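Asks: Residue numbering for the sequence shown follows our numbering, starting at 10 and increasing by one per position. Backbone N, C-alpha and C define an ideal beta-carbon position, used for all residues, glycine too. The model shown is predicted, which means the values in this text are computed figures rather than measured ones.
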Amino acid sequence: MTAPKKKAQISVYLDPEVMKTLSAYAARREQPMSLIAEAAIASFLSPDADERREAAIAKRLDQVDRRIARLERDIGISVETLALFVRFWLATTPPLPEPAAKAARAQGGRGGTISLRRSGDGLVKGRSCDRKSRKIFRRASRREDSRL
10 MTAPKKKAQI SVYLDPEVMK TLSAYAARRE QPMSLIAEAA IASFLSPDAD
60 ERREAAIAKR LDQVDRRIAR LERDIGISVE TLALFVRFWL ATTPPLPEPA
110 AKAARAQGGR GGTISLRRSG DGLVKGRSCD RKSRKIFRRA SRREDSRL
């Protein structure tokens, strides 16, 4: 019969904060610090650790994928709702008389270019229509509240 192998001894330098944490953990578990350090090193060097890490990353990526899919669905619903509103608005708005239509087309062509340029500049600078709209709605609701 062979004698059990004796464990090898190593000397390790730990930061005082890590040593306090190790001591506290060992005291709570009522285990020697060397046993806890050995288990930690074995876990760190274990090939299973990579698999656990990979599984955790895969789980997080799945969560992100589900969130993106939900956002994509919500944006699709919003776009569809806006398209329905525009169709309804165009169907119920009477056409302009021909002289007024020509003037509106001329005015709209210039204004549209300017408006798109302003919107693009605002987005580049971090401003959005959403924030502006919220401010306008807040002001309007305050005015309504003050009238009551």
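CA-CA distance, Ala92 and Gly85?
Replies: Position 83 of the sequence shown, counting from 1, holds the residue named residue 92. Position 76 of the sequence shown, counting from 1, holds the residue named residue 85. Approximately 10 Å, taken between the alpha carbons.
Asks: Should Leu31 and Ala46 be called a contact, given that it needs their Cβ atoms to be closer than 8 Å?
Replies: As a position in the sequence shown, residue 31 is number 22, starting the count at 1. As a position in the sequence shown, residue 46 is number 37, starting the count at 1. Yes. Within cutoff.
Asks: Taking 8 Å as the cut-off, decide whether the C-beta atoms of Ala35 and Met42 are in contact.
Replies: Along the sequence shown, one-based indexing puts residue 35 at 26. Along the sequence shown, one-based indexing puts residue 42 at 33. A contact, by the Cβ cut-off of 8 Å.
Asks: Roughly how many angstroms separate the alpha carbons of Arg61 and Lys14, rounded to a whole number?
Replies: For this step, residue 61 is matched to residue 52 along the sequence shown. For this step, residue 14 is matched to residue 5 along the sequence shown. Answer to the nearest angstrom: the Cα atoms are 30 Å apart.
Asks: Taking only three categories from DSSP, how would you classify Thr90?
Replies: The count along the sequence shown starts at 1 and reaches residue 90 at position 81. Thr90 falls in the helix class under three-state DSSP.
Asks: Tell me where the alpha helix (DSSP H) around Thr30 begins and ends.
Replies: Within the sequence shown, residue 30 is the residue found at index 21, counting from 1. Thr30 -> alpha helix (DSSP H) spans 25–38.
Asks: Distance, Cα to Cα, Leu23 vs Lys134?
Replies: Locating residue 23 in the sequence shown gives position 14, counting from the first residue. Locating residue 134 in the sequence shown gives position 125, counting from the first residue. Taking the straight line joining both Cα atoms gives about 49 Å.
Asks: Could you give the first and the last residue of the continuous alpha helix (DSSP H) run that contains Ala48?
Replies: For the purposes of this step, residue 48 is taken as the residue at position 39 of the sequence shown. It spans 42–54 - the alpha helix (DSSP H) in which Ala48 sits, taken as one unbroken run.
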